[in-house]
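Residue numbers for the sequence shown follow the UniProt record's numbering, so the first one is 1 and each next one is one higher.
Just so you know, even glycine gets a beta-carbon here, dropped at the ideal spot from N, CA and C.
Quick notes on the structure that follows.
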Amino acid sequence: MSLTSLDVTGFYALLRREVLRFVRRPRNTFVPPFITNVLYFSVFGVILGERINEIAGVPYILFILPGLIVLGAVSNAFENASFSIFHGRWNRYIEEALTSPLSYTSMVGAYVLSSATRGVLVGALVALIGAFFTSVGVAQPFYLVAFMLVITLLFAGLGVVGGLWADDFDDLTMMNQFILRPLVFFGGVFYSLNEIPATFQQASLLNPMIYMVNGVRYGFLGVTEVDPNLSLGVLTALTLGVVGLNVVLFRRGYGLTD
Numbered sequence: 001m002s003l004t005s006l007d008v009t010g011f012y013a014l015l016r017r018e019v020l021r022f023v024r025r026p027r028n029t030f031v032p033p034f035i036t037n038v039l040y041f042s043v044f045g046v047i048l049g050e051r052i053n054e055i056a057g058v059p060y061i062l063f064i065l066p067g068l069i070v071l072g073a074v075s076n077a078f079e080n081a082s083f084s085i086f087h088g089r090w091n092r093y094i095e096e097a098l099t100s101p102l103s104y105t106s107m108v109g110a111y112v113l114s115s116a117t118r119g120v121l122v123g124a125l126v127a128l129i130g131a132f133f134t135s136v137g138v139a140q141p142f143y144l145v146a147f148m149l150v151i152t153l154l155f156a157g158l159g160v161v162g163g164l165w166a167d168d169f170d171d172l173t174m175m176n177q178f179i180l181r182p183l184v185f186f187g188g189v190f191y192s193l194n195e196i197p198a199t200f201q202q203a204s205l206l207n208p209m210i211y212m213v214n215g216v217r218y219g220f221l222g223v224t225e226v227d228p229n230l231s232l233g234v235l236t237a238l239t240l241g242v243v244g245l246n247v248v249l250f251r252r253g254y255g256l257t258d
């Protein structure tokens, strides 16, 4: 058996293990976002939507749908990667992967791809929930797929960094609750940039979530407040940079060895 075939086999084995880890625990993986998004759509979409009516020419409940999908997708991609890496460090079973003939690129690829898969699945679940509250269409399928892949891969890569950096489980909670979620909520999920003062508009453009939410919104509705091509290009470059950083950190043993 050649080294290449060993690498492919090891990559598939690690990827399969990581995917099965969250698929086999649906109560932890799919039930929480299901309940949370039913509440989001009920409160923000139905109750507030009746008072707000339309934003950017679309019903409010439909306007917030892409943002809620982004919130679910990136949160779960980040959480899965960070927890998987940290839990492997904590219980020292990550050493099995490190001592295998698997390359660092394949290791990172398996962790990132499995976490992105969870993010995409949760995003699809949120879209399905939204379909029960409003009619959901896809105006730009290429952009929708491209943005969903890029943002979940990006946050899976950031999750790997977080899992390597964290010293305890409280650090994981802090990153998700006090860094990630505020960025999403101030990323144009529930409001349009045109509805806020010009000063805050300019400040909001420093938040990368603005480009992610608008990219997915463009895929669903064909409506956006930023250039989707520029956003996709920048996010793609950022994703490649973060995944490349993951490989470098693994190769140096950052957070993996005492």
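Backbone CA spacing between residue i and residue j [nearest angstrom]
i	j	result
Phe186	Ser103	39 Å
Asp168	Phe34	27 Å
Gly57	Asn28	37 Å
Trp90	Val31	26 Å
Leu180	Thr9	34 Å
Pro182	Asn207	10 Å
Ile85	Gly162	9 Å
Asn229	Ala146	11 Å
Val122	Ala110	18 Å
In DSSP terms, what residue i is bridged to
i	result
Pro59	Glu54
7 Å CB neighbourhood of residue i in its chain, flanking five on each side removed
i	result
Val108	Val160, Val243, Asn246, Val247, Phe250
Val120	Ala73, Met148, Thr152
Ser2	Here the model assigns Ser2 a pLDDT of 41, short of 50, so the residue's position is not dependable and the matter cannot be decided.
Test item: CB-CB of residue i and residue j under 9 Å
i	j	result
Pro141	Gly88	no
Val70	Ile151	yes
Leu98	Leu256	yes
Gly130	Asn53	no
Tyr60	Phe83	no
Phe190	Arg118	no
Ile210	Glu225	yes
Ser75	Val184	yes
Leu238	Gly215	no
Own chain residues within Cβ distance below 8 Å of residue i, not counting five before or after
i	result
Tyr40	Ile64, Leu68
Val112	Ala81, Leu153, Ala156, Gly157, Val160, Val243, Asn246
Ala127	Leu65, Ile69, Val136
Open item on the list: At 4 residues or longer, what runs of the alpha helix (DSSP H) sit wholly inside the stretch 59-111?
Closed with: 60-90, 94-98
Give the list of continuous alpha helix (DSSP H) stretches no shorter than 4 residues that lie fully inside the stretch 164-197. 169-175, 181-185
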